[in-house]
Amino acid sequence: MYSNMAEEEVDGLALTIPVSELRQLMEIRKAELAKTIKTKYTDNIGLCQKLRTSPTHGISGSQGMKLDLDQRMEKYGRNEIPPKPPKSFIQLMWEAVQDATLIMLVIAAFISLGLAFLPTSSHHEAGETEAQWIEGFAILLAVMVVILVTAFNDWSKERQFRGLQNKIESEHKITVIRAGEAILVKVTEIVVGDVCMIRYGDLLPADGIVIQSNDLKVDESSLTGESDAIKKSVEKDPALLSGTHVLEGSGKMVVTAVGLNSQTGQIFSLLLGVKGQKPEEDGVADRAVVKVPADGNNIDESATGAANSRGPNPEKEAMLQEKEDSNLMEGKSVLQGKLTKLAIQIGYAGVTIAVLTTLVLIIRFCITTYGVDKQPWETGHLQSFVNFFIIGVTVLVVAVPEGLPLAVTISLAYSVKKMLTDNNLVRHLDACETMGNATAICSDKTGTLTTNRMTVVQIYTGLNHHKKIPSYEEFGADLIQLVSEGVSVNSSYASRLLAPEQEGQLARQVGNKTECALLGLVVGLQQEYQAIRDRWPVERYVHCYTFNSTRKSMSTVIPLEGGGFRLYSKGASEIIMKKCTQIVDANCQLQPFNMKDKESTVKNVIEPMASDGLRTLSLAYRDFAAGEEVNWEDENSVVTNLNCVAIVGIEDPVRDEVPPAIIQCQKAGITVRMVTGDNVNTARSIATKCGILVPGEDFLVLEGKEFNRRIRDRFGKVQQRLLDKVWPQLRVLARSSPTDKHTLVKGIIDSKISVHREVVAVTGDGTNDAPALKKADVGFAMGIAGTDVAKEASDIILTDDNFTSIVKAVMWGRNVYDSISKFLQFQLTVNLVAVIVAFSGACIINDSPLRAIQMLWVNLIMDSFASLALATELPTASLLNRRPYGRTKALISKIMIKSILGHAVYQLIVIFTILFAGPSLFDIDDGSTIGPTGPATVHFTIIFNTFVLMQVFNEINARKVHGERNVFSGIHTNPTFLVIVIGTFGVQIILVEFGSIVFSTTGLSLDEWAWCFFLGMGSLLWHQIIMTFPTHWLPNCAYGRGSSSEQLPNITEIDEIDRGDSRVELKRAQILWMRGLTRLQQQSRAIRVVHAFQSGVNHRIERKSLSNSVHEFMAPPLGESYDIEHTKKDDDSAPTVSFHSVETTL
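Residue 145 in the numbering used here is what sits at position 124 of the sequence shown, and the numbering runs on without skipping anything.
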């Protein structure tokens, strides 16, 4: 700490320290750094002078603040890493064309074009021969359309995701002192010379030197690999590095390096450099803007020791390469895992049918031509073989649900954009759909279930319990002085009350809400807390014991005017009372406070307050005589023998909207649990008011100590079988530690007693909540009360800290899941019918009734539009009227199977009836006798037109996947759907009437159009018949069933490994369909686009691997159990905090 620091005249000094000197300075560590600063600059104040700044007033900006900041940015750089330039549209097109199925179609098309111009001995009509090149050209045109659409999708999504990433980055701010005022600025606006006020939970945005510290401890594991908390001070270890986070305490630092010049920036530069030497594997992720502060932990273990390097290092490159390889196989979300499994199953079927179709066509042609007709070989026969190959490849293309990944991406991106307006800032895209499967929510209390607008409503002081706050006259002057000074001094100076925005409203609470409630008590006693703080600035503090989850209290030591010292302490009532030996009476005289008195106080004061739903905090003090030898580092000998001044009861009302929201969750099959650090009686009262505890139900309300006793064996190890006996009935876990929360979340996720396995969402706001947030399937961080570390560990940030926003996230997540189900129901019907028609035609008439170019139109064009139409449905309240699917339930339900099979049967009956009886029914020529290379016929045009119109009307049926009969319900709320359906019908008219030889169609009469329309509309009537059939006779389906233990590989990445790594051996059929899906993943980024939101240690592989290591690391030693003091850092627990925190949570 520093004291009596004079104002420094810095305005006339130039920025004389070069960038290289500051970089070298930050590469020195610990005492050696303090010694170097003393040698070069006299002390830290001298360093500040060299940087034209002041420890107390920061950058003065006397010549103009903007000019000063611009000069610093020009000399020392900006606090961000320049983004990699986005890929050009041509590069995106080149990526899209890498798909194997497209390449095969292109090759076949060129062969077809070449053969069209070769002379043939067969006797074809002149017009027919001249038109043979049309089909090859049409296929090339269709492929070009697909490539353009794919590249455009990638380009547009990159812009959208980059915008969302920037939105996330803009949320990260820090307090700096400029011109003597503490202001919040974006971390990207920090410059060298800024004086930053740092506090518990902060993620440091730049490198700096400590100029003042209060029990400051930092986690540097992201840079050094050391998991221990490193104590920082001016004398011993003044270095603070970007990307590290503050575990305890508070202080100030002067920024010495930003952006690429910081230690983390140098490592990121190397990381990007390494990636730049390789083919880019994830365009969206690689192109995302990487800001130093938000991604500080991104380097993780791979950066070990890198902070001490001054340039490229082979060891660092090797570690970074190893890190990149280790992320190859990542855990997938619930829906992604199911979709990947479904794609595997469809892929096998598609390859099999495609090969069979091609073989049947070739064998039949050979037998008929060379065996039966005894024809010699002709060059024209090669054209037939090429056509057969094209049909086979097209069947493969049709078999794979091309539009599915696009539907996933559109649905997710649409939902993420809409969720922003519902106060859900989605950091990881897959969390959106995962939330739809949530079966359990473990929620904090304060600010989430309650308003976080705290007020002191009861106080026990002077041995009297006041149910209402007494007036100034009822207090003695000495007692008021003790309470007012204790609250004002022993709290974060960033917590304060501001004037209301409108007359008649309550004062605005800024900073920690519990401290604001205590400051409100001071104001109510007609005292000026700011005047007291001005009298006791931080520089005069002797020592400070800041808040942490074990201490669960805060204590501050100040000197007394007449000599000696006074310690003020506040914290959870039980914690402080245990340390008290005396209590202040009404005359401000000290009275003995023995164990019996403490028990009486608990029974008659604390428990009644807690039963009323109040949070209880104790205030105390202790005086040290002048000349008394005190070791301020020995907290146990200092914070003891306290004098109890008061016990306050703080009211934090339940949000009005929370009870209805919890009832919605319960109807939706979601179990809500409260996990809080507060008193068990307070927690029980709030849980009852919220509706978490329902009278008459079988539930458990436990404290952390009892919870651990029940779930651990005699060796102190957590046993899953014991946990399985507790968590199903557990509704409230009070006085819980971060370890308890992590243990509970891990136990619920790992439990196998549920039929479909549990999917768990967790809320958290503190640094110590990070393990639980990472372990959870979806982690919600508080946007207002949450620390930077909690936000970094989360998947979704609640910008309003409101539980109802979680319910909205559930609704949007279920809507995403249903959107995918709708598209699957539609897509699989199309694919099933098209494949069966193509294969049956090959076997029966030696031709496919649907031409290759027609199937490409259906599969690649109409299905892409359908994905857009079905993926943009708005969620409805009915989504919360069913139970969640869970982790292992099949993606395709029995109702969906019934719909798919039922509509496939109808469409096949219609198509085969037209195929075999159509010539007589419509009095037209039989098109099956023309052959694959023949001209377009009315017969096959009717088949094509009817097939497409059946899909258009079945698209309306696909809007409902839960057996609803009214398929038109809510259709007017989705104009996109209406436009696409009408547009598809319009394009179909153009293709049929004017497609001619390009699409192998010919114009139809009005009667023929009427029949096509009637048969297509019959899908609506047939759907009502299908819905009358029961589903119990259908077999249990495993299509798309999630696996709880299996981590599914990323298809694209496996394919990329296969190209250059002989260690990966896959069967040829697997490679064929895997590569066939590459374009789909490039088209949508549905599975891999989550990386664009990963701005830290939140890789899914880490979330899974973290579970055991953190769990064991945080477990208590063998033979020990938790007591009431080992409780969680939470707004739900105790008072306070560090100095200068903008939002210090308790």
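Even for Gly, the Cβ is constructed at its ideal location relative to N, Cα and C. For clarity, every value in this text was computed on a predicted model and none was experimentally measured.
Where the beta strand (DSSP E) through residue i begins and ends
i, result
"M1171", "Any question about residue 1171 goes unanswered here, given that the chain covers just 22 to 1167."
"P580", "574 to 580"
"E724", "721 to 724"
"G270", "266 to 278"
"E672", "663 to 672"
"G85", "Run containing G85: none; DSSP gives neither H nor E here."
"H564", "564 to 566"
"K963", "For the sequence presented, residue 963 should be read as Ile rather than Lys. No beta strand (DSSP E) holds I963; the alpha helix (DSSP H) holding it covers 959 to 978."
"L446", "445 to 447"
Length of the line joining the Cα atoms of residue i and residue j
i, j, result
"V781", "D798", "5 Å"
"A641", "E620", "17 Å"
"K466", "V696", "7 Å"
"R385", "G401", "17 Å"
"V879", "E454", "28 Å"
"T1052", "S914", "10 Å"
"A309", "L113", "Legend: pLDDT at A309 = 33, less than 50; position of this residue unreliable, value from coordinates given subsequently. Their backbone Cα atoms lie some 15 Å apart in a straight line."
"S775", "L714", "21 Å"
"S41", "A515", "35 Å"
"I204", "T77", "13 Å"
"N282", "S513", "32 Å"
"E1014", "G1007", "11 Å"
"M1135", "H763", "Confidence in M1135 is poor, its pLDDT being 32 and thus under 50, which makes the residue's placement too unreliable to answer from."
"T390", "T379", "16 Å"
"V206", "T37", "25 Å"
"G497", "T196", "38 Å"
"G1016", "R872", "13 Å"
"L895", "R735", "53 Å"
Short Cβ contact (9 Å threshold) for residue i with residue j
i, j, result
"A260", "D228", "yes"
"D644", "R587", "yes"
"L638", "I691", "no"
"F847", "Q972", "yes"
"T808", "G272", "no"
"V766", "K796", "yes"
"R199", "G82", "yes"
"D673", "K534", "yes"
"V722", "I732", "no"
"N902", "K688", "yes"
"P870", "L936", "yes"
DSSP state of residue i mapped onto helix, strand, coil
i, result
"I1092", "With a pLDDT of only 36 at I1092, under the threshold of 50, the placement of this residue in the model should not be trusted, and no figure is reported."
"Q530", "strand"
"A375", "helix"
"P680", "helix"
"Y493", "helix"
"V543", "helix"
"K96", "helix"
"N700", "coil"
"G984", "coil"
"G1037", "helix"
"C1176", "Absent from the structure is residue 1176, since the part of the chain shown begins at 22 and ends at 1167."
"A793", "helix"
"Q603", "strand"
"F801", "strand"
Endpoints, alpha helix (DSSP H) assigned at residue i
i, result
"F1006", "996 to 1015"
"V858", "824 to 865"
CB contact below 9 Å: residue i versus chain B
i, result
"D946", "Checking the listed chains, one finds no chain B in this structure; it contains a single protein chain."
*Does the region 814 to 827 come close enough to the region 784 to 797 that 3 or more CB-CB pairs lie under 8 Å?*
A contact exists between the region 784 to 797 and the region 814 to 827.
*Should the region 252 to 259 be called in touch with the region 213 to 223, which here means at least 3 C-beta pairs below 8 Å?*
Output reads no: the region 213 to 223 does not touch the region 252 to 259.
*Flag this pair as touching only if the region 676 to 686 and the region 621 to 632 have three or more C-beta atom pairs under 8 Å; answer yes or no.*
These segments do not touch.
*Would you say the region 538 to 548 touches the region 473 to 480, given that touching needs at least three Cβ pairs under 8 Å?*
By the Cβ rule, the region 538 to 548 counts as touching the region 473 to 480, because three or more pairs are nearer than 8 Å.
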